[in-house]
Amino acid sequence: MPELPEVETTRRSLEPYLAGEKIVEAESRRARMLRRQPRERDFADRMRNRRVRGLRRHGKFLLIDLDGDLTWVIHLGMSGRMQVKDPGDPEARHTNVVARTADKEIRFVDPRTFGFTAVLTPDEYAESTLTRLGPDALTELPRTRQLAARLEGRKPPIKSLLLNQSIIAGLGNIYADEVLFRSRVAPHREGGSLDGGEVSAIRRAIRPVLESGLKYGGTSLGDLAYLLPDGQAGRYLDRLKAYGREDEPCPRCGTPIRRSVIGQRSSFWCPVCQT
DNA sequence: CCTCCATCCTGTGGGC
DNA sequence: TGCCCACAGGATGGAG
279 MPELPEVETT
289 RRSLEPYLAG
299 EKIVEAESRR
309 ARMLRRQPRE
319 RDFADRMRNR
329 RVRGLRRHGK
339 FLLIDLDGDL
349 TWVIHLGMSG
359 RMQVKDPGDP
369 EARHTNVVAR
379 TADKEIRFVD
389 PRTFGFTAVL
399 TPDEYAESTL
409 TRLGPDALTE
419 LPRTRQLAAR
429 LEGRKPPIKS
439 LLLNQSIIAG
449 LGNIYADEVL
459 FRSRVAPHRE
469 GGSLDGGEVS
479 AIRRAIRPVL
489 ESGLKYGGTS
499 LGDLAYLLPD
509 GQAGRYLDRL
519 KAYGREDEPC
529 PRCGTPIRRS
539 VIGQRSSFWC
549 PVCQT
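Reading the first sequence from the start, the letters are residues 279 to 553 in my numbering.
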């Protein structure tokens with residue numbers, strides 16, 4: 279669920295409550311959430327009395343810069359969401375990580391626990407998988423030639439390659455389908471088979487699709503839905519053109535949208551306009 | 001290096 | 001109504 283627009287929306291929502299503030303203390307109540315923390319006990323120790331310098335994002339990773347050259351890494355996984363609450367506010371089920379500032383609680387709620395968090399030193403960061411992330415899909419979108427070079431010779435379907443965070447960071451299953459719909463490329467096409475025009479079309483589609491998602495506060499789908507830190511649902515769901523619309527008419531040509539499983543993920547696409 | 005696939009979890013909705 | 005199973009936005013690590 280949380281893809282680049284949802285993570286960026288989260289970043290913007292948290293910023294006023296964290297930037298420049300001091301984290302008084304933090305705790306994880308599910309050890310599994312700290313599985314990317316090299317030594318589990320470091321998390322609480324490093325968070326205590328730590329000033330927040332600023333909030334960044336790379337792909338779907340939220341990166342919170344702390345004093346002492348530490349980075350607080352948050353990944354929402356499939357079902358994670360952040361909340362800003364007052365101390366004493368009732369807690370949602372699956373509130374797995376809590377960080378307290380002078381007057382607020384920042385809560386990480388994640389039923390499926392596919393999300394994770396960690397506070398990393400520069401050395402730990404350099405050894406983490408974060409260094410394998412490709413350019414950010416919104417702020418570092420590569421030129422067509424560079425993108426083509428990254429796809430050259432690749433066998434997997436373009437849909438899978440768009441989900442590969444080391445090629446471009448930030449697209450997930452929903453927005454990858456929307457990008458392919460907009461660029462009129464079929465999801466099962468072998469990545470290396472795309473011509474320059476097709477790669478260019480994909481590249482050109484990425485920004486407007488993500489900006490559009492951002493404009494509407496992201497996509498909230500289902501009951502495990504991603505929600506904004508203030509509890510609001512994202513409003514982009516109704517504006518999706520392909521994702522989740524099996525058998526509904528294609529908004530461009532009216533042909534029923536098809537669902538296929540590609541790389542073990544559902545893909546929704548128009549069999550007429552996407553070739 | 002690349003590609004494929006199982007796996008980590010919980011909750012929900014559809015089919016019977 | 002109740003039960004069971006399939007499925008769900010993601011990332012990773014191991015096998016081949």
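Glycine included, C-beta positions come from ideal geometry on N, C-alpha and C. Since the model is a prediction, treat every value here as computed from it, not as a measurement.
#### Entry: Close Cβ partners of residue 370 (< 8 Å) along its chain, the five nearest in sequence each way excluded
361, 385 and 387
### Residue closest to residue 468, alpha-carbon to alpha-carbon, out of 485, 451 and 431
431
### Task
Just mark residue 364 as buried or exposed, buried being the case when its beta carbon has 16 or more other beta carbons within 10 Å.
exposed
### Query
Residue range of the beta strand (DSSP E) that residue 432 falls in?
Run containing residue 432: none; DSSP gives neither H nor E here.
### Task
Kindly list the residues whose CB is nearer than 7 Å to the CB of residue 551, restricted to its own chain and excluding five residues on each side of it in sequence; keep chain order.
462, 528, 530 and 531
### Query
Closest by CA to residue 306, which one among 320, 426, 293 and 295?
320
### Task
Let me know if residue 390 comes out buried or exposed under the rule of 16 or more other beta-carbons within 10 Å of its beta-carbon.
exposed
### Query
Where residue 292 and residue 313 are concerned, what is the direct C-alpha to C-alpha distance, given to the nearest angstrom?
23 Å
### Message
Using the Cβ count rule (16 or more neighbours within 10 Å means buried), how would you classify residue 294?
### Response
exposed
### Message
With the cut-off set at 8 Å, would you say residue 457 and residue 425 are in Cβ contact?
### Response
no
### Message
Taking the straight line between their C-alpha atoms, what separation do you get for residue 327 and residue 354?
### Response
24 Å
### Query
Hey, how far is the Cα of residue 331 from the Cα of residue 455?
35 Å
#### Entry: Option in 296, 418 and 534 with minimal Cα separation from residue 520
534
### Message
On the DSSP letters alone, give me the boundaries of the beta strand (DSSP E) that residue 360 sits inside.
### Response
359–363
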